[in-house]
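Note sheet for the following structure.
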Ligand code: SER
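Residue numbers (my numbering): 232 to 830.
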């Protein structure tokens with residue numbers, strides 16, 4: 232069974248059951264600020280699951296490209312992917328549990344469709360809790376179809392509840408279908424969902440009955456819906472009795488391209504196999520992000536930032552495998568060939584995809600060189616340490632400031648007969664991740680990018696903008712407010728007249744100039760009086776603690792900006808990307824408002 236066959240069969244089956252095939256949507260969601268990518272087949276359908284009528288009717292079927300970057304660092308093992316395709320069928324207030332389960336069963340077992348033996352199937356259903364009762368109804372339907380009681384597992388919310396893609400949205404209990412690949416149970420409690428690795432999930436029927444509100448309440452939906460999702464890659468793997476998605480025909484030509492470039496034969500070295508898998512997955516995701524009709528370029532922000540991370544990780548592993556020259560674009564060509572049938576947009580955007588991959592790859596090579604240079608500068612001091620250990624904090628700084636990967640720092644250290652204090656690095660890294668997550672709102676099944684980091688960049692940009700406005704307009708300019716989201720910043724300041732185009736241009740140029748100058752950002756704690764004496768700007772009318780933090784951008788007496796502020800900020804302004812003013816308008820009497828983005 233190939234992915235193309237599975238896709239066509241699924242669509243044909245549901246069309247034969249009165250469903251209308253709808254187009255899968257863009258990977259970059261239209262109307263959802265809580266996530267950067269489309270994370271599931273149901274995602275573009277959220278408004279309809281919440282009650283709107285869909286123009287194509289009440290029974291829908293499609294295939295949808297999805298990206299989940301929650302565990303990007305786990306990619307490399309035999310099963311994780313960041314990009315995947317999801318098949319799905321929906322009932323918008325039409326059939327519910329009985330209809331959905333009966334159709335799922337028929338598609339899985341009928342010889343006309345997948346023809347799986349019933350005795351290889353098992354299911355899980357929701358066991359119930361304070362909010363929602365045990366799902367006896369689903370269990371009854373499964374039993375009536377021939378799934379025996381001992382292959383029905385009742386599991387709690389962690390397993391059998393499908394939550395909204397973001398923090399709010401439609402949700403409900405689900406029933407998952409598993410394919411058994413073992414020969415005998417691992418113990419008396421071995422049931423679908425067991426962690427013995429023999430029960431492999433292939434499909435999920437979600438019974439949408441609630442809308443989770445921003446306050447965390449579950450409101451019953453006006454009309455109950457069904458949302459089902461079958462991951463193509465995983466199902467193809469299972470149906471073909473393969474152990475890893477990377478062994479399937481889906482990845483065969485991609486893997487072959489990587490192997491050829493590296494002159495390496497997959498399966499002979501676990502470490503190298505890992506690199507091959509990372510390249511296969513990350514380049515495929517990058518091609519789909521770039522090749523999307525709403526495709527983005529690599530940047531320091533949002534979806535572009537995820538793309539940058541994917542590309543850079545792939546390049547690094549390409550280097551590890553000893554691939555010389557351009558690592559990505561030849562592999563990307565193979566990926567476009569493989570997927571241009573179901574995704575013609577890839578062909579349409581081929582030139583753009585190639586150009587962006589090549590550009591980002593060469594930029595990253597420069598970063599690597601810079602990191603190596605920084606390391607060499609640190610070296611004389613490092614060598615003074617008799618224990619020959621490089622501090623983890625220093626290694627983290629290289630990572631955080633230059634994007635210099637820890638593995639490369641370790642490699643360089645090794646060449647000097649030194650080691651890196653890895654636990655200390657991991658500690659700093661974890662702290663940094665926690666900080667980022669804290670800023671990114673509620674995590675969800677599927678994962679969200681570090682929006683905390685993005686907000687931090689905007690925060691730093693606010694200081695540069697504040698000072699640039701004072702430089703251009705005069706010292707009467709004082710901050711009156713600011714508001715930052717993952718997508719933009721808004722800055723209110725005192726000034727009596729609209730800014731001219733010329734003034735706006737100068738402000739923008741000054742900020743970008745200081746970004747280019749890559750000013751170091753430092754922080755000191757002092758009293759408010761000391762802060763004012765040192766030339767720091769403090770917000771008028773604001774109450775401060777007796778000791779305040781002062782952030783300085785730039786060095787020594789010639790600093791560019793100095794402000795009393797709680798932080799956090801990036802470590803140097805070069806990390807901000809390009810600053811663009813989008814709008815200038817009146818906010819209130821004597822106060823102007825600027826809206827700007829970093830790209
Ligand atoms: N929303 C469910 C999932 O993503 C079913 O489509 O698994």
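Every residue gets a Cβ at the ideal spot worked out from N, C-alpha and C, and that includes glycine. Small disclaimer: the values here were computed from a predicted structure and weren't measured.
- A contact between stretches requires three or more CB pairs, one per stretch, nearer than 8 Å, and the segment 519–529 fails this requirement with the segment 546–560.
- Straight-line measurement puts the Cα of residue 741 at about 17 Å from the Cα of residue 720.
- Note that the C-beta distance between residue 476 and residue 433 is not below 8 Å.
- When 383, 235, 799, 323 are compared, the shortest CA-CA separation from residue 287 is found for 323.
- Runs of the alpha helix (DSSP H) lying entirely within the segment 517–574, each at least 4 residues long, are 533–551, 559–570 in chain order.
- Residue 514 sits away from residue 534, with the two beta carbons spaced by 8 Å or more.
- Taken atom to atom, the span from the alpha-carbon of residue 303 to that of residue 489 is near 20 Å.
- Within the chosen limit of 7 Å, ligand 1 does not reach the beta carbon of residue 390 with any heavy atom.
- The C-alpha of residue 623 is placed about 16 Å away from the C-alpha of residue 648.
- Note on geometry: alpha-carbon atoms of residue 266 and residue 612 lie some 44 Å from one another.
- As a beta-bridge residue in DSSP terms, residue 828 pairs with 811.
- Proximity of the segment 405–417 to the segment 387–394 meets the contact definition, three or more beta-carbon pairs being nearer than 8 Å.
- Going by DSSP, residue 744 is part of the alpha helix (DSSP H) stretching over 732–747.
- Residue environment: residue 332 is assigned as buried (16 or more neighbouring CB atoms within 10 Å of its CB, all protein chains considered).
- According to the DSSP assignment, residue 448 belongs to no alpha helix (DSSP H), since it is labelled neither H nor E.
- C-alpha of residue 755 to C-alpha of residue 779: approximately 8 Å in a straight line.
- Taking a cut-off of 8 Å for Cβ pairs, the segment 694–708 and the segment 792–801 touch, as three or more such pairs fall below it.
- By DSSP's assignment, residue 290 forms a beta bridge with 322.
- Look at residue 489: its beta carbon is at least 7 Å from all of the heavy atoms in ligand 1.
- Residue 751 and residue 803 do touch by the CB rule: their CB atoms are close to 5 Å apart, below 8 Å.
- Excluding its 5 nearest sequence neighbours in each direction, residue 431 has C-beta neighbours in its own chain below 7 Å: 409, 410, 412, 469, listed in chain order.
- Secondary structure note for residue 279: its alpha helix (DSSP H) is the uninterrupted segment 277–280.
- For residue 599, the uninterrupted alpha helix (DSSP H) segment begins and ends at 581–613.
- Residue 435 has its Cβ nearer than 7 Å to a heavy atom of ligand 1.
- Contact fails between the segment 441–448 and the segment 311–319, because fewer than three Cβ pairs, one in each stretch, are under 8 Å apart.
- According to the DSSP assignment, residue 386 belongs to the beta strand (DSSP E) that extends over 383–386.
- Straight across, the Cα-Cα distance linking residue 428 with residue 329 is about 29 Å.
- Within the chosen limit of 7 Å, ligand 1 does not reach the beta carbon of residue 621 with any heavy atom.
- Residue environment: residue 722 is assigned as buried (16 or more neighbouring CB atoms within 10 Å of its CB, all protein chains considered).
- A contact is defined here as three or more CB-CB pairs under 8 Å, and the segment 599–606 meets this definition with respect to the segment 628–647.
- Counting C-beta atoms within 10 angstroms of its own C-beta, residue 517 has 16 or more neighbours from the protein chains shown and is therefore classed as buried.
- Of the heavy atoms belonging to ligand 1, at least one sits nearer than 7 Å to the Cβ of residue 458.
- For residue 707, the secondary structure class from DSSP, reduced to helix, strand or coil, is coil.
- Going by DSSP, residue 633 is part of no beta strand (DSSP E) but of the alpha helix (DSSP H) stretching over 623–633.
- According to DSSP, residue 794 shares a beta bridge with 768, 782.
- Following the DSSP letters along the chain, one finds residue 339 inside the alpha helix (DSSP H) bounded by residues 328–340.
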